[in-house]
Amino acid sequence: MYSRAMPMYGDEEEAKADRPIYDDSKDANEHPELFNDFDDEQVIKA
């Protein structure tokens, strides 16, 4: 089993691995305007 807590051979270099696990810029609660573009929405009936 792979976990970020246990680095494996070939993982990204440590400078990149120090980035935050959660990206606040894509949080729908903080930025709802990012999720209001439904121009390409399709209606699919199952």
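Okay, so the sequence shown: first residue is 1 according to UniProt numbering, each after it adds one.
Think of the CB as a built atom: it goes at the ideal place given N, C-alpha and C, for glycine as much as any other residue.
Supposed contact pair Glu30 and Asp24 - C-beta distance, whole angstroms, cut 8 Å: 6 Å
Beta-carbon proximity list for Lys26, same chain, < 8 Å, skipping 5 on both sides: Leu34.
Residue 51 - DSSP class collapsed to helix/strand/coil: In the structure as shown, the chain starts at 1 and stops at 46, and residue 51 therefore has no counterpart that could be examined.
Through-space distance from Ile21 to Lys45, alpha-carbon basis: 36 Å
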